[in-house]
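Participant: Sharing a structure with you now.
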Amino acid sequence: MHVTRYEQVSLITMRGEVDHDDTDAVEAAFAEADQAAPCTTAVDLSQVTFVDSMLLNALLDAHRRHRADGRDLILLGPLQPAVHRLLSLSGTYGHFKIAGTGPTAAS
Numbered sequence: 001m002h003v004t005r006y007e008q009v010s011l012i013t014m015r016g017e018v019d020h021d022d023t024d025a026v027e028a029a030f031a032e033a034d035q036a037a038p039c040t041t042a043v044d045l046s047q048v049t050f051v052d053s054m055l056l057n058a059l060l061d062a063h064r065r066h067r068a069d070g071r072d073l074i075l076l077g078p079l080q081p082a083v084h085r086l087l088s089l090s091g092t093y094g095h096f097k098i099a100g101t102g103p104t105a106a107s
């Protein structure tokens, strides 16, 4: 997990499996992005191959914080099938601004 700060954007890049074992790293990445307080936080999920509800909860919490602060949260894809499936099955796909939508392979 990696956070890159730009003038108006904090980019959080995630790769591989993101699950309960990564809770501290995910929380730290969002905290770092929140501290920078740019207009936008972009979360690159294009290389995430497995997710569980921990990431979904972190994304929903970040979405609420950003909305309350008048900031944008954007998920970057194309989304891998596991991420696309989690957002679709949970009914939260429409909660997020997503750039590069859709799964990279048939789910």
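Residue numbers for the sequence shown follow this note's numbering, beginning at 1 and rising by one. Virtual Cβ for every residue (Gly too), placed ideally from N, Cα, C. Keep in mind that this is a model prediction, so the values were computed, not measured.
Where does the unbroken beta strand (DSSP E) through Leu75 begin, and where does it stop?
Facilitator: 72 to 76
Participant: Buried or exposed: which applies to His66, given that a residue is buried once 16 or more other Cβ atoms fall within 10 Å of its Cβ?
Facilitator: buried
Participant: From the DSSP secondary-structure annotation, give me the bridge partner or partners of Asp44.
Facilitator: Thr13, Leu76
Participant: I need the straight-line Cα distance from Asp21 to Gln8, nearest angstrom please.
Facilitator: If you take the alpha carbons of Asp21 and Gln8, they lie about 30 angstroms apart.
Participant: Tell me which residues share the same chain as Thr108 and place their Cβ nearer than 6 angstroms to its Cβ, disregarding the 5 neighbours each side in the sequence.
Facilitator: Residue numbering for the chain in the displayed model covers 1 to 107; residue 108 lies beyond these limits and cannot be assessed.
Participant: Using a 10 Å radius around the Cβ and a threshold of 16 neighbouring Cβ atoms, would you call Ala62 buried or exposed?
Facilitator: buried
Participant: Give me, in chain order, the residues of the same chain whose beta-carbon lies closer than 8 angstroms to that of Val44; leave out the 5 immediate sequence neighbours on both sides.
Facilitator: It should be noted that the sequence gives Asp, not Val, for residue 44. Once the five neighbours on either side are set aside, the close Cβ partners of Asp44 are Leu11, Ile12, Thr13, Met14, Leu76.
Participant: DSSP puts Arg5 in a beta bridge; with which residues?
Facilitator: Ser10
Participant: Give the straight-line distance between the Cα atoms of Ser46 and Gly16, rounded to the nearest whole angstrom.
Facilitator: 10 angstroms
Participant: DSSP three-state label for Phe30, please.
Facilitator: helix
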